[in-house]
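Asker: Under the working numbering, the final residue of the sequence shown carries the number 2228; numbering is consecutive throughout.
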Amino acid sequence: MTYILKLIVFLPLFGSLFAALFRKDVCGQLVTTAGIGISAVLSWYVFLTFSENYHLVLFPLFSLSVLKVNWAISVDALSSLMLIVITTVSLVVHLYSVGYMEHDKGKSRFFSYLSLFTFCMIVLVVSDNFVQLFFGWEGVGLCSYLLIGFWFQKYSANNAAIKAFVVNRVGDFALLIGIFLIYYTFHSLNFTEVFDTTDLLGTQNIRAFCCEFKVTHIICILLFIGCMGKSAQLGLHVWLPDAMEGPTPVSALIHAATMVTAGILLVAKCSPLFELSNVARELIVIVGALTAFFAATVAITQNDIKKIIAYSTCSQLGYMFMACGLSAYNVAIFHLMTQAFLKALLFLGAGNVIHAMQHEQNIQKMGNCWKKIPCTYALMWIGSLALSGIFPFAGFYSNDLIIEHAYSSDSFAFVISLVVAFFTAFYSWRLLLLVFHSQKQSKINIHEAPKIMLIPLLILAFGSVFSGIWGANILNITSNAFWKSSLVMIDEHGVYNFFIKLLPTLASLSGIALAYLIYQYQVIRQIKSKFLLKFLQNKWYFDEVYEFVIIAPIRFISRLLWKFDVKAIDSFGPNGVLRLVNECSKSSIKLQTGYVLLLSIFLLPLIGALILSLIRINHQSIHLRFLALFFAVLPFLLSIVACIEFDYNNADFQFVSHPIRNVGIGIDGISLLFLLLTTFLFVICILYNCKMSYTTLKAYMALFLLLESFVVGFFVSLNAISFYVFFEAVLIPMFFIIGIWGGKHRVYVTFKLFLYTLTGSLLFLLGFVYIYNIFGTFIYKYTNIQKLATLVPSLDIEVQSLLWIAFFISFAIKTPMFPFHTWLPDAHVQSPTSGSVILVGLLIKMGGYGFLRFSISMLPQASLYFSNFVVVLSIIAVIYASLVAFAQDDIKKLIAYSSIAHMGIVTAGLFSFCEEGVLGSTFQMISHGLISAALFLCVGMLYTRTGTLEIAKYFGIVNTMPKFGFMFILFSMDSIWLPGTSGFAGEFLAMVGMLKSIGFFTGFIALGTILSAVYMLNLCKQIIWGARNGKNQFSGNQCKTNKLRKQWLFDGFYAIRKMWLTRAFKMNEQISVKLACKLYEGIFADIDESGKLVLQQKDESLIYFDAESLKDNNEEET
């Protein structure tokens, strides 16, 4: 059984990777479909032979002293039923897609996405903890985004994909807070442990916003809001109709049968929690009933065939939530199963109609075609009968059970369910009559779909007819014996009144009759009230209200904050001083004992810088590049040796040596990570610099090696003076790198950077001079940290506070924290690409490292006293920087503000004083250093080819640079905390720690999950996807270069994909991280495909010269 379960889960992933990597259309379709087919067969085997729960642990996700979560495969009665639904419908959709996507050029990519979605959905279903469930939850959201926007040349498809992802993120935000609160309450994230202690711990009260609430109510409401987003319930439903922009098979698999039912699955799986919260269950009934009614009323006026079925899906999901709210979880899952088959049948039938009508989706333009496509017509009848709940089709059994439970428990739900049953039958037959029986004569040559598109529908038709009988009479799906305690069962509510049992059928038949009277016999006119008709056609104006109340104000506030950032903070801060400096500038212009490993890592780049400075070598020489690369690679290799030789069981500093008397260097587990990050990023930067054709390339390389030496010295310093020296020294090479090779405003930026950091550094120095006068030591070893930690409390709290403020300002500027942040966006825009990589990857991490090493370690009481102040600034930074990022037109500035927001999470986690918070923040600094560096390198490659950073100038890069597009999307998803990426791991742990420290205020930090998705997906939409929507835009064709001379260039690397922390981390103890990176060979523009000569300027932009102009110039000179 172990191997069977592994095959069920991982075969779809293998098929997805195969189709993505090999890009062979036929082979990709065959492998993905075969993988899903085998998974489906094995799922049926597990279901039919199921007798006891299966639990298989694969590997750890988090392994901390206080939080242990494994990646596992857990199969009970509920998940075994879900497995057959998911894999069977997925197999049918894969088969159907072979015919439907036959002429599409991207079908290999399409099948890869479909299989990846199936894998994520299976992971969600078989999870045994909330972390793995959230991984699958976000994974299906990502796949939905990719599949809705599959035809990315369509502007509407791009917008629909972003809308789906962002609206789902709103629900995911609540779900994430709910998960944090579960851990805070139950001290575990495993389902079994949480549910076993629900009765004991779930009765606690929690204080939030000056009020006390029962913790179970809050948890269940937050979980339900998460379900509302994924299952398109009223308020968070707006994404589902627009999602019909994707290919029809996507609608059948994701937006009818699987992903949208994830919310129902979560509520059923967490039924032990929901049974303790009558408040949450009442809310679920109300929202479910209103959603069912709303969607049904809108569906009766829609003219897009797919949107009608989409609103029908939304309505039936409301039915399922009503059942969950009435504690009929088993009935909700039964309805989920029947609806999966019949909704997939209706969507694929609609796909056949659209295929026959040559992609026409307006039912008002169809008609009188039932004789031409009889098979599709018959199958659509079966689906409509099942949806309307007509005996003996599948919908009859599950629909009637929900209505019977409503009759026994809630009169409001009962009335709404009958009204919805009437509307459901009405819009189903309205669709049938207008599409197949309208008297309009279409000029289109209508033809039946091929067999490959009909056979899958026969399988779904079989399920639509018999799944109800099978579930109710054979499986006895409503009994406790079937579910085996996989969900909570309540006593059955028997309804013995025959009239009540007959009411749903009468309501459905009435709806069918009314549809015939209006659309077939035209005895009754349609809705007379223009206002009501327009109100329903505009979907109750939800989109318009959201645009007016949420979207437009956010745009306005983003622009306003951006202006405030530039005109207020800068004007009253450094700009006044800079003007004075500029005026002044204008007028004045006219080896010993111990370990040598760390010492070697520190000295080698310094020696390389000196050699490059002294030797005479041509800037075009390959030897210059190899020499610089040698002195960058060797420290990286030595840092790997240090990582291998490091004793992870020893929390003290290791490899300690004293190059100068009383000046020591050494590393512990924390500084080891930053040492690896430093040497790795400088290798990448030197590789990237090798493609440059600067006449001053020798000096450029030497400055980077000098900068590497200083950064290494900073992270390995054990002495406060050397720490301060290197803290300041890194500014010298960076000053020249930006000042000489930067953009046109480089002088302004360099002075701004210098003034900012100088102010903070002076305070830092004064603070340590004061400490020296009191304690007489600057030796920075672990024992001395402990000694200082015992001595500092003897000082008055006022003195400690002053010292803390001095340190804080210095490190806050370097981080940078609000309001000391304005130097960073300007520095990134003016800096060359490699300079931006070091700025965001290392220099801003020095501030976080300083907080960890000095503020928290040496001044713990003052740090605790000011912790709320730091958290408030961090919250402001996350929200403020995210909103300002949304308003940016420059790619570099957007990523810079994104970095400020991410570092806000780091500082909040550090000052949570919880193991998870400090661990997550440290991990996030490493992860963000890699992710943001990769994004800046991607931007640098675009700028090199186009000479612009303006977002509006790009479109459709993925068309001709698919590998680049894939990497950019990957790094962007990492930046928006997608589970499975390193960005999620660090920030998840940081926010878990914050919840323990600041409680519900963690929600303001978690808002970054929504805001980051907004600005990063908009960036991807404009640059990677999309079509030209303006003049003077750069497409992928203009960025791509053929017939090019190969040079050393970093094209992208795979930053940390999955990281698991294997050892516990406490203050100033080590953490262990596995890093994975991959380098790709790149190209350097020399002659483009049209034969033009390409020259590169200092700012890395390109100038093109054609042969004729060069020839004319030569003749004139002659």
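From the three backbone atoms N, C-alpha and C, an ideal C-beta is built for every residue, glycine too.
Values in this document were obtained by computation on a predicted structure and should not be read as measured data.
For a quick check, are the C-beta atoms of ALA1707 and ALA1662 less than 8 Å apart?
Answerer: Note on identity: in this sequence residue 1707 is Leu, with Ala being the wrong assignment. Going by C-beta atoms, LEU1707 is not nearer than 8 Å to ALA1662.
Asker: Report the rounded CA-to-CA distance for ILE1849 versus PHE1825, giving the unit in angstroms.
Answerer: Residue identity check: residue 1849 is Gly in the sequence provided, not Ile. Each residue's alpha carbon lies about 25 Å from the other.
Asker: Below 8 Å on the Cβ atoms is my guess for THR1142 versus SER1222; work out the distance and round it to an integer in Å.
Answerer: 7 Å
Asker: Nearest to GLN1139 by alpha carbon, out of VAL1408, ALA1182, GLU1212?
Answerer: GLU1212
Asker: Can you find a C-beta in chain D that's less than 8 Å from the C-beta of ALA1378?
Answerer: Protein chains in the displayed structure number just one, and chain D is not present.
Asker: Can you give the Cα-Cα distance for LEU1158 and LEU1619, rounded to whole angstroms?
Answerer: 36 Å
Asker: Roughly how many angstroms lie between the CA atoms of ASN2152 and THR2070, to the nearest whole one?
Answerer: Residue confidence is low: ASN2152 scores 34 on pLDDT, short of 50, so the model does not pin down where it sits. Its coordinate-derived value is still stated next. Straight-line Cα distance between these residues: approximately 11 Å.
Asker: DSSP state of ILE2197, grouped into three classes?
Answerer: Confidence at ILE2197 is low in this model, with a pLDDT of 41, below 50, so the placement of that residue is unreliable and no value is reported for it.
Asker: Which stretch, first to last residue, makes up the beta strand (DSSP E) that contains PRO1170?
Answerer: 1164-1173
Asker: Taking only heavy atoms of the ligand GTP into account, decide whether any of them is closer than 7 Å to the Cβ of ILE1287.
Answerer: No copy of the ligand GTP appears in this structure; indeed no ligand is present at all.
Asker: Which of helix, strand or coil does DSSP assign to GLN1471?
Answerer: DSSP places GLN1471 in the coil class of the three-state scheme, outside both helix and strand.
Asker: Taking PHE1296 as part of the alpha helix (DSSP H), name the residues at either end of that continuous run.
Answerer: 1265-1296
Asker: Evaluate the contact criterion for the stretch 2065-2083 versus the stretch 1993-2008: three or more CB pairs, one atom per stretch, below 8 Å.
Answerer: no
Asker: Within the same chain, show all residues whose beta-carbon is closer than 6 Å to that of GLN1630, passing over the 5 residues directly before and after it, in chain order.
Answerer: Annotation for GLN1630: LEU1543 place their beta carbon closer than 6 Å to its own, counting only its chain and skipping 5 residues before and after.
Asker: Quick check on the DSSP output: the beta strand (DSSP E) that includes ILE1183 runs from which residue to which?
Answerer: 1178-1185
Asker: Taking GLY1327 and ALA1466 to be in contact with their CB atoms under 8 Å, please state how far apart those CB atoms are, rounded to whole angstroms.
Answerer: Note that residue 1327 is His in the sequence shown, not Gly. About 52 Å separates the two Cβ atoms, so there is no contact after all.
Asker: Output needed for LEU1096: all residues of its chain with C-beta closer than 8 Å, excluding positions within five of it in sequence on either side, in chain order.
Answerer: The question about residue 1096 has no answer here: the residues shown for the chain are numbered 1111 through 2228.
Asker: On the DSSP letters alone, give me the boundaries of the beta strand (DSSP E) that GLN1764 sits inside.
Answerer: 1764-1770
Asker: Within the same chain, show all residues whose beta-carbon is closer than 6 Å to that of ILE2086, passing over the 5 residues directly before and after it, in chain order.
Answerer: SER2122, ALA2123, MET2126
Asker: For ARG1317, list the residues DSSP reports as bridge partners.
Answerer: GLU1322
Asker: Using the C-alpha atoms, what's the distance from ALA1571 back to ILE1148?
Answerer: 21 Å
Asker: Output yes or no for whether 8 Å exceeds the beta carbon distance between GLY1259 and THR1358.
Answerer: no
Asker: Which residue or residues does DSSP assign as beta-bridge partners of ASN1978?
Answerer: For ASN1978, which the question treats as bridged, DSSP gives no partner whatsoever.
Asker: When you compare only the Cα positions, how much space is there between LEU1115 and PHE1240?
Answerer: Straight through space, the alpha carbons of PHE1240 and LEU1115 are spaced by roughly 20 Å.
Asker: How many whole angstroms separate the CB atoms of LEU1363 and VAL1203, which I take to be in contact at a CB cut-off of 8 Å?
Answerer: 4 Å
Asker: Considering just the uninterrupted stretch of the beta strand (DSSP E) at ILE1775, what are its terminal residues?
Answerer: Per DSSP, ILE1775 belongs to the beta strand (DSSP E) from 1773-1777.
Asker: With a CB to CB cut of under 6 Å and the five nearest residues on each side skipped, what residues in its chain are close to LYS1561?
Answerer: none
Asker: Using C-beta distances below 7 Å, list every residue in its chain close to SER1946, excluding the 5 sequence neighbours before and after it, in chain order.
Answerer: In its chain, beyond the 5 residues on either side, HIS1938, LYS2002, PHE2046 have a beta carbon closer than 7 Å to the beta carbon of SER1946.
Asker: Whose C-alpha, out of PHE1846, PHE2098, THR1869, LEU1786, is nearest the C-alpha of LEU1952?
Answerer: LEU1786
Asker: What separation, rounded to the nearest whole angstrom, lies between the Cα atoms of ALA1535 and PHE1403?
Answerer: Near 13 Å, if we compare the C-alpha coordinates of PHE1403 and ALA1535.
Asker: Counting only the same chain and skipping the five closest in sequence on each side, list residues whose C-beta sits under 7 Å from that of MET2035.
Answerer: LYS1955, GLY1958, VAL2016
Asker: Under 8 Å, do LEU1286 and ALA2116 count as touching if we go by C-beta distance?
Answerer: Note that the C-beta distance between LEU1286 and ALA2116 is below 8 Å.
Asker: Just to confirm before moving on: does the CB-CB distance between GLN1764 and GLY1776 stay below 8 Å?
Answerer: yes
Asker: Rounded to whole angstroms, what's the CA-CA distance from MET2013 to CYS1337? Just pull it up for me.
Answerer: Rounded to whole angstroms, MET2013 and CYS1337 show a C-alpha spacing of 30 Å.
Asker: With distances taken from CA atoms, which of CYS1424, VAL1179, ASP1135, HIS1165 is nearest GLY1209?
Answerer: ASP1135
Asker: In whole angstroms, what is the alpha-carbon distance linking GLU1303 and ASP1309?
Answerer: 12 Å
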